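Chemist: Sharing a structure here in structure tokens format.
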Amino acid sequence: MKSLSKKFREGGEVIGLVPTMGYFHEGHLSLMRKARGECERVVVSLFVNPLQFGPQEDYHLYPRDEDRDAKLAEKEGVDILFIPSVSEMYPEGYATFVEVKRLTEGLCGRFRPGHFQGVTTVVLKLFNIVKPHKVYFGMKDYQQLKVIERMTRDLDLDIEIIPCPTIREADGLAMSSRNSYLSTEERKAATVIYRSLLEAKETYRKGETKAKVLKEIVGGILRGEPLVRRIDYVEIVHPETLEPLEEVGEEGAILAVALYIGKARLIDNILLREEV
Ligand code: AMP
Numbered sequence: 002m003k004s005l006s007k008k009f010r011e012g013g014e015v016i017g018l019v020p021t022m023g024y025f026h027e028g029h030l031s032l033m034r035k036a037r038g039e040c041e042r043v044v045v046s047l048f049v050n051p052l053q054f055g056p057q058e059d060y061h062l063y064p065r066d067e068d069r070d071a072k073l074a075e076k077e078g079v080d081i082l083f084i085p086s087v088s089e090m091y092p093e094g095y096a097t098f099v100e101v102k103r104l105t106e107g108l109c110g111r112f113r114p115g116h117f118q119g120v121t122t123v124v125l126k127l128f129n130i131v132k133p134h135k136v137y138f139g140m141k142d143y144q145q146l147k148v149i150e151r152m153t154r155d156l157d158l159d160i161e162i163i164p165c166p167t168i169r170e171a172d173g174l175a176m177s178s179r180n181s182y183l184s185t186e187e188r189k190a191a192t193v194i195y196r197s198l199l200e201a202k203e204t205y206r207k208g209e210t211k212a213k214v215l216k217e218i219v220g221g222i223l224r225g226e227p228l229v230r231r232i233d234y235v236e237i238v239h240p241e242t243l244e245p246l247e248e249v250g251e252e253g254a255i256l257a258v259a260l261y262i263g264k265a266r267l268i269d270n271i272l273l274r275e276e277v
């Protein structure tokens, strides 16, 4: 991969990278398509990164189908599907980790200690291996996007981070590889997530700006669904600092949730901002 990147760069080609954990869905494919439209070379990395999973989390359960993924990537015109092994990425004696402070403390960071350190470490390694000019991230993982933007700025990386909109199923559920954990009944119940976010957004549009009221709308709807077995958080945060807000101000806010249905920990978010 390193020698190919070197060759691409020497040929003056713009390299786009889409980092993934595989088991592709339309969300992943939308990132690949955007990269394909903007870059001469598109690299998709597929690596289920053990560092970003907690000891009690779903690393061993995480869905995998490399053959199907390879076909889908090829169909999108991806040049290289890069699938490193765990032992190549973290050989014996591996001891270096990247930590972004502050932005990683709230939201998912509070419930998944070490998760973002695992993400930033693997992403910086992928940047160094693939040497991309542009890297594509989904807004579904909003905190991840902001953490990577911060790391890129703080460490003076000459890389452009491109945010991409969340792709949803027809009924609103944000696409996720983890949706495959859901039974038919759980899958139906999962539509409650986006419904609750839309309801709060509608109330915000009608003039309600108090975070407490808007969060209560989401919490109330989520608690009304018996298959939601645990809510990690319902938060309203500043779109850049990710600090909790009491009031949705001029700069708008991100309304974000994380919860469990069955075996799946699901996250979603929506932007609250006056449309211009
Ligand atoms: P993952 O394989 O889940 O780690 O995701 C790889 C990339 O795809 C990340 O940048 C995610 O934010 C992005 N992604 C995942 N699901 C979606 C979605 N439903 N819409 C848009 N992007 C997504």
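Residue numbers (my numbering): 2 to 277.
Ideal Cβ placement from N, Cα and C applies to all residues, glycine included.
Everything numeric in this text was worked out from a predicted model, so none of it was measured.
Nearest CA to the CA of V19: which residue from T210, D68, G225 and P164?
Modeler: P164
Chemist: Quick one: give me the first and last residue of the alpha helix (DSSP H) that T192 is part of.
Modeler: T192 to R206
Chemist: Within the chosen definition, does the segment 116–132 reach the segment 140–158 through at least 3 CB pairs nearer than 8 Å?
Modeler: yes
Chemist: At a threshold of 7 Å, does I168 count as lining the ligand AMP (C-beta to nearest heavy atom)?
Modeler: Yes, Cβ of I168 sits closer than 7 Å to a heavy atom of the ligand AMP.
Chemist: In the DSSP assignment, the beta strand (DSSP E) including S46 goes from what residue to what residue?
Modeler: Secondary structure note for S46: its beta strand (DSSP E) is the uninterrupted segment R42 to L47.
Chemist: Among S86, V219 and Q144, which residue has its Cα nearest to the Cα of V101?
Modeler: Q144
Chemist: Can you give me the C-alpha to C-alpha distance between E248 and N50, rounded to a whole angstrom?
Modeler: Near 37 Å, if we compare the C-alpha coordinates of N50 and E248.
Chemist: Using the Cα positions of G107 and V79, report the straight-line distance between them to the nearest angstrom.
Modeler: Distance between the alpha carbons of G107 and V79: 35 Å.
Chemist: Does the distance from the CB of L82 to the CB of V136 come in under 8 Å?
Modeler: no
Chemist: Quick check for students: name the residue ranges of the beta strand (DSSP E) that lie wholly in the segment 78–115, counting only runs of 3 or more.
Modeler: 81–83
Chemist: Taking only three categories from DSSP, how would you classify I262?
Modeler: strand
Chemist: Using DSSP with H/G/I as helix, E/B as strand and the rest coil, what is P51?
Modeler: helix
Chemist: Do A254 and L243 have their C-beta atoms within less than 8 Å of each other?
Modeler: no
Chemist: Could you compute how far the alpha carbon of E27 sits from the alpha carbon of M176?
Modeler: 7 Å
Chemist: Where does T242 fall in DSSP's three states?
Modeler: In this structure, T242 counts as coil in the three-state DSSP scheme.
Chemist: Count the other CB atoms, across all protein chains shown, that sit within 10 Å of the CB of A191; report buried if there are 16 or more and exposed otherwise.
Modeler: buried
Chemist: What do you get for L273, buried or exposed, if any count of 16 or more other CB atoms within 10 angstroms of its CB means buried?
Modeler: buried
Chemist: Give me the residue from T97, E67, K141 and R10 with the minimum Cα distance to E41.
Modeler: R10
Chemist: Determine the closest residue to R113 out of L267, M140 and L73, with distance taken between C-alpha atoms.
Modeler: L267
Chemist: Just to confirm, is the Cβ distance from Y24 to S197 under 8 Å?
Modeler: no
Chemist: Could you check which residue in K76, S6, T153 and M90 has the C-alpha nearest to that of R37?
Modeler: K76
Chemist: Exposed or buried, what is E236 when buried is set at 16 or more other beta-carbons lying within 10 Å of its beta-carbon?
Modeler: buried
Chemist: Which residues bound the beta strand (DSSP E) around E161?
Modeler: E161 to C165
Chemist: Please go through the same chain and pick out, in chain order, the residues whose beta-carbon is closer than 8 Å to the beta-carbon of P56, but skip the five residues on each side of it.
Modeler: none
Chemist: Got a sec: does the ligand AMP put a non-hydrogen atom nearer than 7 Å to the Cβ of M176?
Modeler: yes
Chemist: Sort L215, K207 and I262 by Cα distance to R230 and report the nearest one.
Modeler: I262
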